[in-house]
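Chemist:
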Amino acid sequence: MKRLLLLLLLMSHIAIAEDALNIIIDEGVEGALPIAVIPFGWNQDTLEPVDMALTITNDLARSGRFVPMKERDLPQRPNQFDQINFKDWRLLGMENLVIGNLVQTGVGTYEVEFRLVNTFNGRQLAGFRIPAPITQLRRTAHRISDIIFEKLTGVRGAFDTRIAYITVKEMGQNKKQYNLLIADADGFNPQVLLSSQEPLLSPAWSPDGKRIAYVSFESRNSAIWVQDILTGARTRVAGNKGINSAPAWSPDGTRLAMTLSKDGNPDIYIMHLATHTTQQLTFNRAIDTEPVWAVDGSKIAFTSDRGGSAQIYESSAIGGEARRLTFEGNYNARPRYSPDGKAMTMVSSRNDGRYRIAYLELSSGYSSILTNTNLDESPSFAPNGSMIIYATATRTGSELAAVSADGTVHQRLAMQGGEVREPAWGPFLSP
Amino acid sequence: MNKYLVPLLVLLVVVAGCTSSKTKSDKAAGTTDAQPGAVSSGVASQPSTGMDALTDPSNPLYNLLQERVIYFEYNESEIQEQYRAVIEAHATYLSQNPQTTVTLEGHADERGSREYNLALGERRAMAVEQQLTVLGVAASQIRTVSYGEERPISAGHDESSWGLNRRVEIIY
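If you read the sequences in order, they're chains S and D. Position 305 of the first sequence, counting from 1, maps to 304 under numbering that gives the first Met the number 0, and the rest follow consecutively. Position 136 of the second sequence, counting from 1, maps to 135 under numbering that gives the first Met the number 0, and the rest follow consecutively.
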C-alpha cells in the first residue's frame, strides 16, 4: 500500500496566530490525482499578500484526493495559457495544470485570475477572473480549490468553509481558559468568539453559518447560548435547573433541539427560537441526549441508554416512538447525519475499551469503524460529506483530526500549546 | 439505617449545645477586627451551630464528614456500599442543620461523548441526592450540578485517572 506521508506544515506570509491549527496529512488515498499548481504571476516587486498557489496546493493535498507536484520539480512556470508547453507536461504524465495571476489594482484591491487546464487535450476546464479585496484573497484561493476539486472529482469542494472548535489552556493556580473559536477550514484566520474560565462545549452552527449555539458553564451550571458571529451579540436561550445542553439547529434555523433535565431527567426538547417556548420530544426515564436533525427536518436522532447501554435512536421530529439504529458495539453516541442524509457518524466502542469514529449506512444498517485513534469524540461532517472532523486524545490533551468518509484519508490538525476539542464543521459559505 | 442515625443524631444535638459559646467568642473577636463588616457578615450567613461538625476535629462526625467524594464504577450511578456511612453522616448533619445547603457536583471520566457524560454526571449527583432525601434531608437544602467530563481531577488517559474522575463531590 502506498502511503503519502506528506508532511505539509503550512507556511504562509500570514503569521500563524495563537490557537491556529497546523494540518498534517498522515495518509492519503491510493490513486490520488497528480496536479501541478504553478506559482501565480504577481505584478509588484513587493512580497505578494497571499501565496495563492501554495494555498491551493495545500487545500488539494489536504483532501487526500490529489498529489500536487513539488515546486522544485516544475518543468516550467507559465502564467498565461499561451506560455504553456503542453509537450513537456504530457511527457511527465501531468494531466492537470493550474495557472493564474494576482494583480494589484489599487490600494488593498486585487484581481485574481486562474485557469485549470488539461494538458493532454490542451483545453481549459475551468477559470475565472474576479476582483478581490485583500481580506478576501485567501477565500478566493479556497474557491479556486473548490472549483478544481469539483471539476476533477465530481464532488463539490468544501475548502471555502469554516470550522468552530474549543480550546483549553492551563492558566496556572488550577485555572483554565476556555475559548470558542472559528477558523477557516485549513486552520487559518482563527477568531475567538468567546473566552471563559468555566467550561464551554458543544458548538453548533446555524444552517446559514451566521450564528453559533453552545453550552457555557459561566453561571456555574450548564446553559445554552446563541451568539451572532459578526456582532458578537449573545442570548441565553436555556438556563433551567439541571442540564441545559446539546443544542442542535433545525434545518430551517427556526428551532433548536436540546437536552434539558429541568423535570428531573435528561430528555430531548425542541425550542422555537422566536418565542423561546419548548415542547418535550422524549419522555423516557433513561438518559436521552445529543439530538440532531435529519437533513430534511422530519426526524431527530439522539443518544439514549434506555436499552441499558448508550445507543443511537431516531424518532419523528414531532415525537412518537423511537427506533433503535445501532446494534454493533456496547456504546454508540453523539450521532451526526451525513449531508446527503444517507449515513451517520458517531462515537462507537466495540467491547474493546476503545472509543472511535464510526460510519453507519442508514439503508443497510452496515456500520464500520473509520479511525485508528482512541478516545475519539465529536465527529462532524464537512458540508460536502467527504471528510469527518473529530477530536482525539493525545498524550498531553487532545487535538483535532479528520478522516474521509470512506476511511482512506487521515489528517491531524495540531495546535501549539493547549488542548483543542469539539470541532464543528460549518455550512457552505456561498450558496 | 436507624442503627446509625439515632446515635449520630444524639451526638449532634450534644455538639450543637456545646458550640454556642465558641460562636459567641468568634463574634466578639469580629467586633474588634479592623474590618468588622466583613467578619460579622461571614458569621451571620452561617447557622450558629452549623459548621462545627464539619470543622471541629473533636466532633465524632468530623472524620466521616471530611469524606466529601463518592466514587463510581464505569458508566454506573449506583452508590457502592462502602460509602453508606459517609452519606449517612452527611444526611445526619444536614437534617440537623436545615439552614445549611449542599451542592452535589457530578462528574464522569473522559470516555465517550461529552454530552452523554454530562447526563451521566447528573445521574450520579441525583443518586446521592436521592439517598440524602431518603435519609430525611429536605430537597431545598440540596443543589445538584453536573460538569460531565469537563473537570477531571486527574488528566491521565488510564483507569487510575478515570477512577478518580468518576465522582460526586459534596460541597458545603
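Beta carbons: idealized from backbone N, C-alpha and C, even for Gly.
Mind listing which residues of the region 56 to 72 of chain S have their C-beta closer than 7 Å to chain D's C-betas, in chain order?
Modeler: Listed by position, the residues of the region 56 to 72 of chain S near chain D (Cβ gap below 7 Å) amount to none.
Chemist: To test your reading of the DSSP string, which unbroken beta strand (DSSP E) runs of 3 or more residues are found completely within the region 47 to 104 of chain S?
Modeler: For the region 47 to 104 of chain S, whole beta strand (DSSP E) runs of length 3 or above, ordered along the chain, are 65 to 67.
Chemist: So, does the CB of D:V144 fall closer than 8 Å to a CB anywhere in chain S?
Modeler: Cβ-Cβ to chain S under 8 Å: yes for D:V144.
Chemist: Roughly how far, in whole angstroms, is the beta-carbon of D:G120 from the beta-carbon of D:Y146, given that I think they are within contact range, below 8 Å?
Modeler: Right, their Cβ atoms sit about 6 Å apart.
Chemist: Should D:K23 go down as buried or exposed, given a rule of 16 or more other Cβ atoms within 10 Å for buried?
Modeler: The pLDDT assigned to D:K23 is 36, lower than 50, so where the model puts this residue is not dependable; a value taken from the coordinates is nonetheless given after this. By the neighbour-count rule (16 or more Cβ atoms within 10 Å), D:K23 is not buried but exposed.
Chemist: When DSSP labels each residue in this structure, what does S:A237 get in the three-state scheme?
Modeler: Three-state DSSP puts S:A237 in a strand.
Chemist: Is it right to say S:R71 is buried, meaning 16 or more other beta carbons lie within 10 angstroms of its own, or is it exposed?
Modeler: Per the 10 Å Cβ criterion, exposed.
Chemist: I need the DSSP call for S:D351, collapsed to helix, strand or coil.
Modeler: It is coil, neither helix nor strand.
Chemist: In this structure, does DSSP put D:Y61 in helix, strand or coil?
Modeler: Of the three classes helix, strand and coil, the one that applies to D:Y61 here is helix, per DSSP.
Chemist: Using the Cβ count rule (16 or more neighbours within 10 Å means buried), how would you classify S:S244?
Modeler: S:S244 is buried by the Cβ-count criterion.
Chemist: Give a yes or no on whether the minimum CB-CB distance between S:R89 and chain A is below 8 Å.
Modeler: No chain A is present in this structure, whose protein chains are S and D.
Chemist: Taking 8 Å as the cut-off, decide whether the C-beta atoms of D:E104 and D:V144 are in contact.
Modeler: Yes; because the gap between Cβ atoms is below 8 Å, this pair is in contact.
Chemist: Less than 6 Å between C-beta atoms, sequence neighbours within five positions excluded: which residues of the same chain meet that for S:W41?
Modeler: Answer for S:W41: E47 and L101, listed in chain order.
Chemist: Does the Cβ of S:Q310 have 16 or more other Cβ atoms within 10 Å, making it buried, or fewer, making it exposed?
Modeler: With 16 or more Cβ atoms within 10 Å of its Cβ, S:Q310 is classed as buried.
Chemist: With a CB to CB cut of under 6 Å and the five nearest residues on each side skipped, what residues in its chain are close to D:P151?
Modeler: Hits under 6 Å: N164.
Chemist: Using a Cβ-Cβ cut-off of 8 Å, state whether D:A126 counts as contacting chain S.
Modeler: No, its Cβ sits nowhere closer than 8 Å to a Cβ of chain S.
Chemist: Please return the same chain residues whose Cβ sits closer than 6 Å to the Cβ of D:L7, not counting the five positions on each side in sequence.
Modeler: Only weak support is given to the placement of D:L7: the predicted model assigns it a pLDDT of 44, under 50, and the value that follows is read from those uncertain coordinates. Closer than 6 Å at Cβ, skipping near neighbours: T91.
Chemist: Over what stretch of residues does the alpha helix (DSSP H) that includes S:S144 continue unbroken?
Modeler: That run of the alpha helix (DSSP H) goes L136 to T152.
Chemist: How many Å lie between S:E136 and S:V49 at the Cα?
Modeler: One detail in the question is off: residue 136 of chain S reads as Leu in this sequence, not Glu. Distance between the alpha carbons of S:L136 and S:V49 is about 7 Å.
Chemist: Flag D:S112 as yes if its beta-carbon sits less than 8 Å from any beta-carbon of chain S, otherwise no.
Modeler: Taking Cβ atoms only, chain S reaches closer than 8 Å to D:S112, which makes this a yes.
Chemist: Evaluate D:A28 with the Cβ neighbour count: other Cβ atoms within 10 Å of its Cβ, from every protein chain shown; 16 or more gives buried, anything less gives exposed.
Modeler: Model confidence at D:A28 stands at a pLDDT of 35, short of 50, so the residue's coordinates are unreliable; what they give is reported in the following sentence. D:A28 comes out exposed.
Chemist: Is S:E149 near S:T118, with beta carbons less than 8 Å apart?
Modeler: Going by C-beta atoms, S:E149 is not nearer than 8 Å to S:T118.
Chemist: Between the region 328 to 342 of chain S and the region 382 to 394 of chain S, do at least 3 Cβ pairs fall closer than 8 Å?
Modeler: Contact between the region 328 to 342 of chain S and the region 382 to 394 of chain S is present, because at least three Cβ pairs lie under 8 Å.
Chemist: With distances taken between CB atoms, is the gap from S:V97 to S:I37 smaller than 8 Å?
Modeler: Result yes, Cβ atoms of S:V97 and S:I37 sit closer than 8 Å.
Chemist: Measuring CB to CB, does S:T281 end up less than 8 Å from S:G63?
Modeler: No, these two residues do not count as a Cβ contact at 8 Å.
Chemist: Grouping DSSP H, G and I as helix and E and B as strand, with all else coil, what is S:T302?
Modeler: Note: S:T302 maps to strand in three-state DSSP.
Chemist: Skipping 5 residues on each side, what residues in its chain have a beta carbon closer than 7 Å to that of D:Y70?
Modeler: Here the set comprises G162, R165 and R166.
Chemist: Quick check: is the beta carbon of S:T288 nearer than 8 Å to any beta carbon in chain D?
Modeler: Closer than 8 Å to some Cβ of chain D, the Cβ of S:T288 qualifies, so yes.
Chemist: What are the uninterrupted segments assigned as beta strand (DSSP E) that are 3 or more residues long and contained completely in the region 81 to 154 of chain D, given in chain order?
Modeler: Taking only runs of at least 3 residues, the beta strand (DSSP E) segments lying wholly in the region 81 to 154 of chain D are 101 to 106 and 141 to 147.
Chemist: Only counting runs of 3 or more residues, tell me where the beta strand (DSSP E) segments fall wholly within the region 198 to 243 of chain S, in order along the chain.
Modeler: Correct list: 199 to 204, 210 to 215, 222 to 227 and 233 to 237.
Chemist: Count the other CB atoms within 10 Å of the CB of D:I86; is the residue buried (16 or more) or exposed (fewer)?
Modeler: Label assigned to D:I86: buried.
Chemist: Please list, in chain order, all residues of the same chain as D:D55 whose beta carbon is under 7 Å from its beta carbon, the five residues on each side excluded.
Modeler: Counting only Cβ-Cβ distances below 7 Å, and skipping sequence neighbours, we find Y61.
Chemist: Looking only at DSSP bridge pairs, what is S:H271 linked to?
Modeler: Note: S:H271 sits in a beta bridge opposite S:R254 and S:T276.
Chemist: Buried or exposed, going by whether 16 or more other CB atoms sit within 10 Å of the CB of S:I162?
Modeler: Buried.
Chemist: By DSSP, does S:G328 sit in helix, in strand, or in coil?
Modeler: Looking at S:G328 - three-state DSSP - the assignment turns out to be coil, as it is neither helix nor strand.
Chemist: Note the first and the last residue of the continuous beta strand (DSSP E) segment covering S:A125.
Modeler: First-last of the beta strand (DSSP E) with S:A125: R122 to P132.
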